[in-house]
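Okay, so the sequence shown: first residue is 1 according to the UniProt record's numbering, each after it adds one.
The C-beta atom is built at its ideal place from N, Cα and C for all residues, glycine as well.
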Amino acid sequence: MNFSNLFKIDKIRFINICILVVLETLCATSVTYLMTPAFNYIKQNKLNLFLIFIALSATLQFISIILGSTNTILYNQQVQEYIHQIRNNISKYLFVKGNNKVSEIQNNLNANMQELTSKYTSPWLTLMKRIAGVLCSIGVLFTFNWSLVVLTLILSFIGLYLPKLFEHVTSSATFKVTEENEYLLDTIEKWARGLDELRRYSSFGSYQGAIKKATSELKKSTIEDCFWGNLATAMTSFVSLAGIISLLALSIYLYATGKIVFGAVITSGIFANQIMNAITLIAESLNEIKSSKKVRQQISDLQQKVVFPIKNDSTKNINQLEINSLQVSFKNGELITYPHIFINKGEKVLLTGDSGTGKSTLFKVLLGEIKPNSGKVIYKDASGKSISPSPEEIGYIAQDNTLFPETIENNITMFDSKLNKQIDYILKNVELKKDIDKFPAGMETIIDLDKDNLSGGQKQKIVLARAQIHNSSILLIDEGTSAIDSKATRKILEKLLKSDQTIVMIAHNFSKELTEMFDKEIHLEKEVG
Numbered sequence: 001m002n003f004s005n006l007f008k009i010d011k012i013r014f015i016n017i018c019i020l021v022v023l024e025t026l027c028a029t030s031v032t033y034l035m036t037p038a039f040n041y042i043k044q045n046k047l048n049l050f051l052i053f054i055a056l057s058a059t060l061q062f063i064s065i066i067l068g069s070t071n072t073i074l075y076n077q078q079v080q081e082y083i084h085q086i087r088n089n090i091s092k093y094l095f096v097k098g099n100n101k102v103s104e105i106q107n108n109l110n111a112n113m114q115e116l117t118s119k120y121t122s123p124w125l126t127l128m129k130r131i132a133g134v135l136c137s138i139g140v141l142f143t144f145n146w147s148l149v150v151l152t153l154i155l156s157f158i159g160l161y162l163p164k165l166f167e168h169v170t171s172s173a174t175f176k177v178t179e180e181n182e183y184l185l186d187t188i189e190k191w192a193r194g195l196d197e198l199r200r201y202s203s204f205g206s207y208q209g210a211i212k213k214a215t216s217e218l219k220k221s222t223i224e225d226c227f228w229g230n231l232a233t234a235m236t237s238f239v240s241l242a243g244i245i246s247l248l249a250l251s252i253y254l255y256a257t258g259k260i261v262f263g264a265v266i267t268s269g270i271f272a273n274q275i276m277n278a279i280t281l282i283a284e285s286l287n288e289i290k291s292s293k294k295v296r297q298q299i300s301d302l303q304q305k306v307v308f309p310i311k312n313d314s315t316k317n318i319n320q321l322e323i324n325s326l327q328v329s330f331k332n333g334e335l336i337t338y339p340h341i342f343i344n345k346g347e348k349v350l351l352t353g354d355s356g357t358g359k360s361t362l363f364k365v366l367l368g369e370i371k372p373n374s375g376k377v378i379y380k381d382a383s384g385k386s387i388s389p390s391p392e393e394i395g396y397i398a399q400d401n402t403l404f405p406e407t408i409e410n411n412i413t414m415f416d417s418k419l420n421k422q423i424d425y426i427l428k429n430v431e432l433k434k435d436i437d438k439f440p441a442g443m444e445t446i447i448d449l450d451k452d453n454l455s456g457g458q459k460q461k462i463v464l465a466r467a468q469i470h471n472s473s474i475l476l477i478d479e480g481t482s483a484i485d486s487k488a489t490r491k492i493l494e495k496l497l498k499s500d501q502t503i504v505m506i507a508h509n510f511s512k513e514l515t516e517m518f519d520k521e522i523h524l525e526k527e528v529g
């Protein structure tokens, strides 16, 4: 996130914003400037002229308010469009790079955007307005006496230099808040998954303790962030107060020596207050902008240009899958060793074994989600040459069904309308046709992930239909029919195993009849190294 890109969102609008800032500042400055003749006339007992200037000043004040409100609306529109663009860029990057950590995605797309709005884009508008205000005020003071300008510049320099002393600590404190917020979101996500289980065992204390710990860390970071920000503001405010007193004292001296008129004394005091307040706000804004540096860098890294993978409709002919000397280790020291496995094109393989033998882990290795310690996974074409398959060539049905808050049709086709014509045929293959007919909206039924309007078996059938309709070269199924009754499972397998796909399926407690439907069974045994 940077000022240049904010400007580029809509250059014409931003130029209009700048023009409105100038007009608003001129009106606001004129309001104060007109007090000089007004107070001179009241001193001379010319009430009519005093009232005329007061009325003119009030009119300009009203115009200034209208211009300021319009300016704020336009600027917020500019900012929101920029934030929307950033979110789109981050979403593209995360989609291609494959970062699936929900808390981190939420933090970057929501919390960090709010942080940057309050500590980057909003301070920029304040900065523009206050700088314009200071320049106009200095211009007016120059018409009174040059010494007022010199003193103002000295005080301004001191007021603007102070925040640099706090730049490093405020930046670190702000970044710490974003990190702790991400940790809190991650904690909530992990514990919220098991709320039903926690309720069942009345384990509220553990849940509360985990959330309390994450919340306390965020609270501590937020308090520290506020402390350093407020300390910087307090120091600047002290300089501001000293500046107001100094400018007022100088203007009284100039009046006493006959160098300025009476009205200029009062007006100088008002301008002194406005200038020093503006310097305080400028210093605060600069401090906030600098404190957001680490967050902006993080957001910038997530906006790198990425190239979307082009779907390869003519999939490579994976003729053989070889798993050679494969070993996978875990942080707890456990080591899983796999046998030498060959799976030929079109084979239907049942993968069995006790819990912990690495069946699901093997699938994750095949999908590239886990890197093995040693060994290779080799995909070969008909000539025996090693090839690198694209993601769409390997279908995967996980234990946890991944569904989206969309229509059943879109969940099956994955938003590829070219596949709509095949849906009826696929529904029959996975024994889902009768279920769909029971829904009033049929295939247009929206899947409600909160109210859970589908049974476990229906969800698995939708995912099975998705895998079949996309017809990948290899299909990996991890307990893909565990929630479906045995009769329907047999019918689904009869049709599924007649396809040309190479299928590897993990299953427990299959009957002898179901097991014999596969070409071969690979039984994994646990070897702890």
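Buried versus exposed, by CB contacts within 10 Å (16 or more), S332 | In the sequence as displayed, the identity of residue 332 is Asn instead of Ser. N332 should be labelled exposed.
Rank F238, M414, G133, L49 by C-alpha distance to the C-alpha of A28 and give the top, closest one.
-> G133
When the Cα of D500 is compared with those of S482, S4, N16, D519, which residue comes out closest?
-> Taking only the C-alpha atoms, the option nearest D500 is D519.
Please classify D313: does DSSP put it in a helix, a strand, or coil?
-> Legend: pLDDT at D313 = 49, less than 50; position of this residue unreliable, value from coordinates given subsequently. D313 falls in the coil class under three-state DSSP.
How about F53 and L141: are their beta carbons less than 8 angstroms apart?
-> Contact flag unset, no.
Could you say which of V349, I426, Q304, K376 lies nearest to T337 if we only look at CA atoms?
-> Nearest neighbour of T337 by Cα position, chosen from V349, I426, Q304, K376, turns out to be K376.
Beta-carbon spacing of E115, S292 below 8 angstroms | yes
Mind checking K119: buried by the 16 CB within 10 Å criterion, or exposed?
-> Its Cβ being crowded by 16 or more others within 10 Å, K119 is buried.
Per-residue DSSP class, three states only, for F7 = helix
How big is the Cα-Cα spacing for V150 and F157?
-> 11 angstroms
Identify the residues that DSSP records as bridge partners of Y396: which are they?
-> L476
By how many angstroms is the C-alpha of E288 removed from the C-alpha of M1?
-> One C-alpha to the other measures close to 14 angstroms.
Same chain, Cβ closer than 6 angstroms to F39, neighbours up to 5 away in sequence not counted | G263, I266
So what does V169 bridge to, in DSSP terms?
-> None, per the DSSP bridge assignment.
When the Cβ atoms of the region 6-16 are set against those of the region 30-49, are three or more pairs found closer than 8 angstroms?
-> no
Cut-off 7 angstroms between Cβ atoms - residues of its own chain near E182, not counting five sequence neighbours on either side | The answer, listed in chain order, is S103, E104, N107.
DSSP on D519, reduced to helix/strand/coil?
-> Secondary structure at D519: coil, using DSSP grouped into helix, strand and coil.
Would you report the Cα separation of A278 and R130, rounded to the nearest angstrom?
-> 5 angstroms
May I have the straight-line CA-CA distance separating D354 from P440, to the nearest angstrom?
-> 43 angstroms
Drop a sphere of 10 angstroms on the beta-carbon of T143, count the other beta-carbons inside from all chains shown, and report buried for 16 or more, exposed for fewer.
-> exposed
Among the residues of its own chain, which have a CB less than 7 angstroms from the CB of G529, if the five just before and after it don't count?
-> With a pLDDT of 47 at G529, under the threshold of 50, the predicted position of this residue should be treated as unreliable, and no value is reported.
Just confirm the distance between the C-beta atoms of S473 and T502, as a whole number of angstroms; I'd bet it's less than 8 angstroms.
-> 6 angstroms
In or out: Y255 buried (at least 16 other Cβ within 10 Å) or exposed?
-> buried
Return yes when at least one heavy atom of the ligand PLP lies under 7 angstroms from the C-beta of E182, else no.
-> No copy of the ligand PLP occurs in the structure displayed, which carries no ligand at all.
Based on Cα-Cα distance, which residue from H523, V307, L135, K176 lies nearest to K219?
-> Answer by Cα proximity: K176.
When burial is assigned at 16 or more other CB atoms within 10 Å of the CB, is D450 buried or exposed?
-> Counting the other Cβ atoms within 10 Å of the Cβ of D450 gives fewer than 16, which makes it exposed.
For the region 204-271, list the alpha helix (DSSP H) runs that are entirely contained and at least 4 residues long, ordered along the chain.
-> 204-256
Counting along the chain, where does the beta strand (DSSP E) carrying M1 start and finish?
-> Where M1 is concerned, there is no enclosing beta strand (DSSP E), given that its DSSP letter is neither H nor E.
In whole angstroms, what separates the C-alpha of K498 from that of A192?
-> So the alpha carbons of these two residues sit roughly 41 angstroms apart.
Using a C-beta cutoff of 8 angstroms, does T174 count as contacting chain D?
-> You won't find chain D in this structure, because it holds only one protein chain.
Taking C-beta to C-beta, are H340 and I323 nearer than 8 angstroms?
-> yes
As assigned by DSSP and simplified to three states, the class of S375 = Looking at the sequence provided, one finds Gly at residue 375 rather than Ser. G375: strand per DSSP, three-state reduction.
For T361, which residues from the same chain have a beta carbon less than 8 angstroms from its beta carbon, with the 5 sequence-adjacent residues on both sides left out?
-> If we look at T361 and ignore the five residues flanking it on each side, its Cβ neighbours are V328, I336, I370.
Rounded straight-line distance, which links the Cα of L493 to that of L350 | 12 angstroms
Considering only residues of the same chain and omitting the five flanking positions on each side of S30, which have a CB-CB separation below 8 angstroms?
-> So the qualifying residues of the chain are S57, L60.
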